[in-house]
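The sequence shown begins at 3 in this note's numbering and counts up by one.
C-beta: ideal position from N, C-alpha, C; glycine also.
Beneath this line is the structure, given in structure tokens, with notes to follow.
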Amino acid sequence: MTIVAHWVVLLRGLLSEISFAQSVLNAHQIPTFVRGTDLHGITMELLVPSDQVKKAREVLSSTLATATEETDRDQGSDWDE
3 MTIVAHWVVL LRGLLSEISF AQSVLNAHQI PTFVRGTDLH GITMELLVPS
53 DQVKKAREVL SSTLATATEE TDRDQGSDWD E
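If you want it as structure tokens, here you go:
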């Protein structure tokens, strides 16, 4: 069990942004914790254990790079026409 004091904020954003990142990290067996940062719960923070920060960043970077490559491929090179 990881003590909450040893968790660090990885991301801040809207619930939809945090939910996506949390799903990706959980799929890679990286534990996560989400908390609201304001009274209305609009802005959220995604926390990960301090010893998992590097791995979490690598996983999210890889996921975003793959998504960008797939989007570029799907759109083709018709941008200049």
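Quick check on residue i: does DSSP put it in helix, strand or coil?
i, result
"Phe22", "helix"
"Thr65", "helix"
"His42", "coil"
State the beta-bridge partners of residue i as determined by DSSP.
i, result
"Arg37", "Glu47"
"Val10", "Val50"
"Leu16", "Thr45"
Would you mind giving the Cβ-Cβ distance between residue i and residue j, rounded to the nearest angstrom? I have them listed as a contact below 8 Å.
i, j, result
"Val10", "Val55", "6 Å"
"Glu47", "Arg37", "5 Å"
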